[in-house]
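Participant:
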């Protein structure tokens, strides 16, 4: 069966029953039978509860073949549930652009999915729509301010409009062409919504008050003297916060094996920090003994941003890092052509291992973290290739010993954490 057929043929538990597994008996805002938002006061009730273990899922450098971080994240959470552990997933929301593009959805695959997959991949609970509205409200306030006299002295507007679709025609546009007397035509642009700074701000805010403060501190333009103009100077932060009052609440769904999954926020990793919200992760740590979360792109981008940005802001540290690799991706990094990637090739596999070794070394020695390599297995992988990989990893990683400088960067990161707080 296809992914969607598997999802549709799986009987889901009611979301109220999923919440009971985490001892949430109140504070759910239901969106039908299988989706809910978790109210802000749930975390406050659990504030003094000890945190569970945090497991970060990352990967070797991305290839056109796909490595499967989300699939592995869901599989680890389901696996922990199967052996009697109380696990919770904390992942990003999918964006409509990739869903309708080449990348597709972000709810896993096969029997390893979060559900209801169609709803999560499409409108879900409206968070991304709310962010789109808040972003474009700010854009309209800027141009309205300029129209009515430009008291703040905008010489250059850097705030873009956004839309949650891959619409290339809107990447660069001309605006203000209506011919009205006081309208100033100018060049403008559209980003995809998950590339909006508001998405990053929502995911880094610790509560509604902090969100309002962060929204006000966003730079929207510059004067002739190159002085920054902030959103708060337009008095825009209050209206944006009202639009986002529900979007800041984490969403609760489930895997096909009924493991609780908190899905919230979705900033792209190439322009922001590429991981789910601080609010969702910290809530999950209070609700589960093991929390599995994910960082976008490879470990050299997603995992580093997770540690350098999110962990500093939230005062977190992963207890373990799962580094996802595939035989196909390793061969690709070893120079094997995409068209021949499914053919057995030990030499190509051997050459591509350096990419994997570097990520292990960075995570283990630069950050001082516990690293587990997870092989996302495909039907084209041969037993010989799998055994070669296991043998090489066993031999090589035994020689990657923690140095005296192990964790030096992490200590520096923690120092910044304390300074920020």
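Numbering (our numbering), first residue to last: 309 to 729. Even glycine gets a Cβ: it sits at the ideal position worked out from N, Cα and C.
1) I'd like to check one pair, residue 519 with residue 315: are the Cβ atoms closer than 8 Å?
2) How would you write the range of the beta strand (DSSP E) that residue 665 sits in, first residue to last?
3) Roughly how many whole angstroms lie between the Cα atoms of residue 378 and residue 411?
4) Quick one: measure Cβ to Cβ for residue 613 and residue 577, integer angstroms, because I've assumed they're closer than 8 Å.
5) Would you give the residue range spanned by the alpha helix (DSSP H) that residue 314 belongs to?
6) So residue 497 and residue 481 are supposed to be a Cβ contact under 8 Å. How far apart are they, rounded?
7) Taking the alpha-carbon positions, what's the residue 345 to residue 339 distance?
8) Three or more C-beta pairs under 8 Å: does that hold for the segment 593-605 against the segment 383-403?
9) Do residue 449 and residue 636 have their C-beta atoms closer together than 8 Å?
10) The beta strand (DSSP E) spanning residue 629 covers which residue range?
11) What do you get for residue 401, buried or exposed, if any count of 16 or more other CB atoms within 10 angstroms of its CB means buried?
12) Assign residue 541 to one of three DSSP states: helix, strand, or coil.
13) Using C-beta distances below 6 Å, list every residue in its chain close to residue 321, excluding the 5 sequence neighbours before and after it, in chain order.
14) Using only CA atoms, which one of 513, 618, 461, 366 lies nearest to residue 533?
15) DSSP three-state call for residue 293: helix, strand or coil?
16) Under a Cβ-count criterion, where at least 16 other Cβ atoms within 10 Å of its own Cβ denotes burial, should residue 456 be classed as buried or exposed?
17) For a quick check, are the C-beta atoms of residue 606 and residue 582 less than 8 Å apart?
18) By the DSSP assignment, the beta strand (DSSP E) with residue 562 in it spans what residues?
19) Along the alpha helix (DSSP H) that carries residue 385, what are the first and last residues, could you check?
20) Which of the three DSSP states is assigned to residue 455 in this structure?
21) So what does DSSP say about residue 438, is it helix, strand or coil?
22) Measuring only the C-alpha atoms, how far is residue 474 from residue 403?
Facilitator: Quick look at the numbers:
1) With respect to residue 519, residue 315 sits apart: the two C-beta atoms are not nearer than 8 Å.
2) First-last for residue 665: 654-669, but that is the alpha helix (DSSP H), not the beta strand (DSSP E).
3) If I take the Cα positions, the gap works out to 13 Å.
4) Confirmed, Cβ separation roughly 6 Å.
5) 311-316 is the extent of the alpha helix (DSSP H) around residue 314.
6) A Cβ-Cβ distance of about 7 Å is found for the pair residue 497 and residue 481, placing them in contact under the 8 Å criterion.
7) Rounded to the nearest whole angstrom, the C-alpha separation of residue 345 and residue 339 is 8 Å.
8) As far as the Cβ criterion goes, the segment 593-605 touches the segment 383-403, which means the pair count is three or higher.
9) In this structure, residue 449 keeps its C-beta atom at 8 Å or more from the C-beta atom of residue 636.
10) Per DSSP, residue 629 belongs to the beta strand (DSSP E) from 628-633.
11) Counting other Cβ atoms within 10 Å of its Cβ, residue 401 reaches 16 or more and is therefore classed as buried.
12) Taken through DSSP and simplified to helix, strand or coil, residue 541 comes out as helix.
13) So the list reads 566, once near-sequence residues are dropped.
14) Measuring from the Cα of residue 533, the nearest candidate turns out to be 461.
15) The chain is shown from 309 up to 729; residue 293 falls before or after that span and cannot be answered.
16) Counting C-beta atoms within 10 angstroms of its own C-beta, residue 456 has fewer than 16 neighbours from the protein chains shown and is therefore classed as exposed.
17) No, they are not a contact pair.
18) Residues 559-563.
19) 377-390 is the span of the alpha helix (DSSP H), which, as asked, contains residue 385.
20) Residue 455: helix per DSSP, three-state reduction.
21) Helix.
22) Rounded to whole angstroms, residue 474 to residue 403 spans 10 Å at the Cα level.
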